[in-house]
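Numbering (mature numbering (1 follows the signal peptide of the UniProt record, and there is no 0)), first residue to last: -19 to -1, 1 to 185.
Structure representation (structure tokens):
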């Protein structure tokens, strides 16, 4: 009996509808954690019924469009998952890497330790040959909203310019900036918080 295999990384509810399957072709769906370790819930559904999966390693088999999906009583452990689905897992995208860079007060100049982190981010981009990079600027809550929005943009731009000088294609970098709106550490208005004066570089 021939099976096609589908692995889902889910941290939110998903509904899957399956079209007609040829008699000699079956489909298996297995739920595994997302890159952050979270396990969500999915529903495997066809004309015959539905199977809800909520546990990591839980599997459903779809035999044809008229027969409800079935799920074994036991869940699969990591060893069994890799034995059966190793080729599928190997084809999945690598987990995104996040690098956090910190800046001096009221400035778009990196602090000394973050220079090394920025170099590490560039090395990761080169190693992966990534063409999907996010650069996101932030500030603390010292100063006005308008001033901080502009400062967060300058911080993000300074990082993008560095990466471009290093050879990263500008079109591979998505630029964003939030001002003081998305702090790493929540504070009252006017509080200087070094951990919020940052740029996040996400390499996919």
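Positions of the beta carbon are idealized from the N, C-alpha and C atoms, including for glycine.
Residue i: first and last residue of the uninterrupted alpha helix (DSSP H) it sits in
| i | result |
| --- | --- |
| residue 132 | 126 to 146 |
| residue 99 | 93 to 109 |
| residue 71 | 59 to 72 |
Contact check, residue i vs residue j, beta carbons under 9 Å
| i | j | result |
| --- | --- | --- |
| residue 23 | residue 40 | no |
| residue 90 | residue 139 | yes |
| residue 182 | residue 81 | yes |
| residue 14 | residue 76 | no |
| residue 185 | residue 114 | yes |
| residue 158 | residue 137 | yes |
| residue 177 | residue 103 | no |
| residue 64 | residue 43 | no |
According to DSSP, residues forming a beta bridge with residue i
| i | result |
| --- | --- |
| residue 115 | 155, 183 |
| residue 42 | 9, 51 |
| residue 78 | 184 |
| residue 84 | 91 |
| residue 27 | 30 |
Where the beta strand (DSSP E) through residue i begins and ends
| i | result |
| --- | --- |
| residue 31 | 30 to 34 |
Any non-hydrogen atom of the ligand FMN within 8 Å of residue i CB
| i | result |
| --- | --- |
| residue 49 | Looking at this structure, you won't find the ligand FMN or any other ligand, since it has none at all. |
> Quick one: any contact between the segment 126 to 135 and the segment 105 to 116, if contact means 3 or more CB pairs under 8 Å?
Replying inline: no
> So, do the segment 46 to 54 and the segment 147 to 164 have three or more beta carbon pairs nearer to each other than 8 Å?
Replying inline: no
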